[in-house]
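Read the structure below first, then the notes.
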Amino acid sequence: MKALAAGRRHRLAPVVLMTLALLFTGVVYAALAPSPAQAETPSAGEVEAGEKLFIANCSTCHGMNAQGTDHGPSLIGVGAASVHFQVATGRMPMDANQPQAEAKPPQFDEAETQQLAAYVASLGAGPGIPSEEQVDPALGDAANGGLIFRTNCAMCHNAVGAGGALTNGKHAPPLYDSTPTELYEAMLTGPQSMPVFNDATLTPDDKRDIIAYLMEQREPSPGGFSLGALGPVSEGLWAFAIGMSVLIGFAVWIGARSS
Amino acid sequence: MTAATNAPAEKADPRLAAAADFLDTRVGISKIVKEFARKIFPDHWSFLLGEIALYSFIVLLISGTFLTMFFVPSMAETHYPTDALPVTMQGVQMSEAYASTIHMSFHVRGGLLMRQIHHWAALLFVGAMVVHMLRIFFTGAFRRPRELNWLVGFTLLIMGLLAGFSGYSLPDDVLSGNGLRIADGVALAIPIIGSYVSFALFGGEFPGDDIIPRLFTVHILLVPGLILALIAVHLFLIVWHKHTQYPGPGRTQKNVVGFPLFPIYTAKAGGFFFIVFGVIALMGATMSINSVWNYGPYDPSVVSAGAQPDWYMLFLEGSLRLMPGLEVVIGGFTLSLAILIPGVILPGLLFTFLGLYPFIERAVTKDTGEHHLLDRPRNAATRTALGAGFLAVWFVLIGAGANDLIATHFNVSLNLITWIFRILFFVLPVVTFLVTKRICFGLQRKDRELALHGHETGRIVRFASGEFIEVHQPLDEYERWLLVSHDSPAPLQIDPPEDANGVARPGYKKERRWQKLSQFFYEDRIEPVTPAELAAAQSHGEHDELPATEAHEEITSEDSAGQIEARTH
């Protein structure tokens, strides 16, 4: 203790202290900062298998080293979350040059998707695939999620996530079939026309609340058939298709047999 | 004139007789019963469309009364309880109106059912009014003496729209707030008085906290009261004018062929009320409508995709969506044509045309006679075509109002749809008008052909001379009556522009203008078959008739069929 007390006047003391402070800050930051939690660190074998898959299936448009070509963007730095979302929902590989890539049955199984994601993530840092806990709807607050959803998402995806139209053939898809992980990844990476809602815009808790709200919409509708939850237009259509046509049918029945 | 029913006199129940006597000596019930019970109504399914509207309105009154017991018409701020359903609303900040609507949906027994019945009944009320109005229009039932009743019905339609819109706005959810915001925008677009109108409606800057209580009064007192009063006038005028009937043998302008109100129509109409109520209740029980907890409490910053009004307001939404952004600034004042034209001028024109149509047609055709027999739509080709053109405009606007749903459900570009509708708005009514008119003439020609030559029987007969004919079965006179009884007015005839001395005649130009309008209505026409034509056709078609004369020997149809086959192979 004496040596320490004696050394505090040493001319190198500020340097040492500064180094220690920096180290401490760095360690605390690394421990506490919101970091894209990687489910598990990919092994070298996974990355290698991913690269093979990438070259066989994706390089035509994205380039041999994922650097991008005239037909597809660079994938360096998009992160594992983006790859996992696009491939797991079947949007990539894209089947035709359309206004936007449509969801379809996925072309790769979960293991292959993870390998592709690991490969792309190895090219540059980017948002990772969220953990189970981050997307668990049971841990979210559906009421708060509803508020955030209405403010940020409903203008394109409709109030309950039934989807909606955008310009020039693009559209915001319905969210009824998306898994919590896909929902989280979409918010994090902003696929296609969607804006990116990074962790500064919507905190991980907010994202989980939104997931809780959307999962709540999959409960049975209290009022009966939901009629697509598309609002007054579909209701009007059904009013005529069912109500008016049945009533006119009865009117014909009542008015028949006479004259 | 009436189908008199002379039931054998039965021994009356003495207690019933005493009660009847009591009422008769106090309020003269026998006179009323005699007048109304024996009133004759013609029978046709299309005459029941108005009844659907009437019964839906009764359902609206009953279910609406229930809803007022639980609805709080207030914009005061509250937080939804954290222990109440639905979970997506727990603790959310909202208005009393919205909170009470959700509370009655989830925590009042039968509340959601009543809300859904009320809303489905509202959609059907306006729907039935529109369909009923189409029937009146296309059969010409609005002609003298019923022009005023057309106006009463037209006002009822406007009141129905008002009732619908005010009710749609009451729950104070995001959709209803968006609707009010559009109404506010339309009010603001009116030149000069716009901002005053908006401030007067909302009690200050939108949204304020007055609009829900005000709309509540409009929705549950003013408008339903007016609708009730107008329905009374509407029904009184129907009784006063007597009901119109479709043309047919024995039906004239001076009689009504049908059944008495009692007991036939009391049973039919009474039963129909329960059918309407039942269908609406089934819809309310099984099909969800206006799930306000999905939309969230109103917040001026929130708009969700698929934000549309109920179907009867969709044409206004569509006209707003179609209109390109047009704005002029005159001396520092902005004139927002992008809202003024689609939100005020276009609906104004459409509704003026609709309301005044009976008077327009009367002025143009100079038809001042009384009409109690309906037109078959084909026999009034120009009117039918005008109506179809009007409907075309209306459907284009409705389609445009749903353009985002069309885009997502049919995988087409939203921008492309908008442009297609913009073009169709101008082109489709004209094309529809022309095509409908031609179809009407085609049907008239078919009628004429049928009246002259009768039905084709499919029997081919070959005469000894080698001539083939198809045997036609002449119409019986009842069938023929339907095809030949209508009038086919000719266009207005006017005097020449100059009199016998070559002096220009005053007033000629004005008359010429009316003549042109009359020609628009009546120039293309197909006259119904006259008795002389019929006689001529029958004598000409004499050889069709069997048995054949000596000159034309019949070969039986089996043989002739065999021969035809032999010849074709």
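Keeping their order, the protein sequence lines are chains A and B. The numbering of the first sequence is our numbering, which starts it at 2 and goes up by one. The numbering of the second sequence is our numbering, which starts it at 12 and goes up by one. Beta carbons are placed, not taken as given, at the ideal position from N, Cα and C, and that holds for glycine.
- In the structure shown, the three-state DSSP call for V197 (chain B) is helix.
- Here the region 224–240 of chain A lies against the region 130–148 of chain B, with 3 or more beta-carbon pairs under 8 Å apart.
- Residues of chain A with a Cβ closer than 7 Å to the Cβ of G307 (chain B) are, in chain order, G147, R151, A160.
- Here G165 (chain A) is near C157 (chain A), since their CB atoms are less than 8 Å apart.
- Annotation: Cβ neighbours of S424 (chain B) in chain A (cutoff 8 Å, chain order): P100, T168, N169, G170.
- Secondary structure of F474 (chain B) (DSSP, three-state): coil.
- For K377 (chain B), the closest alpha carbon among the candidates B:R154, B:G102, B:K50, B:L59 is that of B:R154.
- Interface annotation for the region 219–251 of chain A against chain B: S222, P223, G224, G225, F226, S227, L228, A230, L231, G232, P233, V234, E236, G237, W239, A240, F241, I243, G244, M245, V247, L248, F251, criterion Cβ-Cβ distance under 7 Å.
- For D415 (chain B), the closest Cβ of chain A is nearer than 8 Å.
- At a cut-off of 8 Å, the C-beta of Q127 (chain B) has a neighbouring C-beta in chain A.
- The alpha carbon of L167 (chain B) has as its nearest neighbour, out of B:I286, B:H129, B:G366, B:S57, the alpha carbon of B:G366.
- A252 (chain A) is positioned such that its CB atom lies no closer than 8 Å to that of L385 (chain B).
- Counting of Cβ neighbours within 10 angstroms places H466 (chain B) among the exposed residues, the total staying below 16.
- In the DSSP assignment, T61 (chain A) falls within the alpha helix (DSSP H) that extends over 60–63.
- Residues of chain A whose Cβ lies closer than 8 Å to the Cβ of Q319 (chain B) are, in chain order, G232, P233, V234.
- For H483 (chain B), the closest Cβ of chain A is not nearer than 8 Å.
- Distance from the CA atom of M115 (chain B) to the CA atom of F77 (chain B), rounded to whole angstroms, is 11 Å.
- Of B:G205, B:G329, B:S499, the smallest CA-CA separation from R389 (chain B) is found for B:S499.
- Taken through DSSP and simplified to helix, strand or coil, S179 (chain A) comes out as coil.
- Secondary structure note for H383 (chain B): it is in no alpha helix (DSSP H), with a DSSP letter that is neither H nor E.
- Neighbours of A296 (chain B) in chain A, taken as residues whose beta carbon is under 7 Å from its own, are G225 in chain order.
- Look at H466 (chain B) here: in three-state DSSP terms it is strand.
- For G78 (chain A), none of the residues of chain B pass the 7 Å Cβ criterion, the least Cβ distance being about 31 Å.
- Identification of chain B residues near C62 (chain A) by a Cβ-Cβ cut-off of 7 Å yields none; the smallest Cβ-Cβ distance measures about 23 Å.
- When A:I249, A:P233, A:Y177, A:G256 are compared, the shortest CA-CA separation from M298 (chain B) is found for A:P233.
- The residues A200, E338, in chain order, have a CB closer than 6 Å to that of S347 (chain B) in the same chain once the five nearest residues on each side in sequence are set aside.
- Residue contact check for A163 (chain A) against chain B: a CB pair falls below 8 Å.
- For A174 (chain B) against I238 (chain B), the beta-carbon gap comes to about 7 Å, under 8 Å, which counts as contact.
- Annotated three-state conformation of E544 (chain B) is helix, per DSSP.
- S179 (chain A) and G91 (chain A) have their alpha carbons spaced roughly 12 Å apart.
- Secondary structure at E538 (chain B): coil, using DSSP grouped into helix, strand and coil.
- If you look at F86 (chain A), you'll find it in the alpha helix (DSSP H) that goes 80–89.
- Taking C-beta atoms under 8 Å as the contact rule, W492 (chain B) and P260 (chain B) qualify, at a distance of about 5 Å.
- Listed in chain order, the positions of the region 89–112 of chain B with a beta carbon within less than 7 Å of a beta carbon of chain A are V98, T99, M100, Q101, G102, V103.
- When the beta-carbon positions are compared, S246 (chain A) and S302 (chain B) stay at least 8 Å from each other.
- Membership of V423 (chain B) in any beta strand (DSSP E) is not indicated, and neither H nor E is assigned to it by DSSP.
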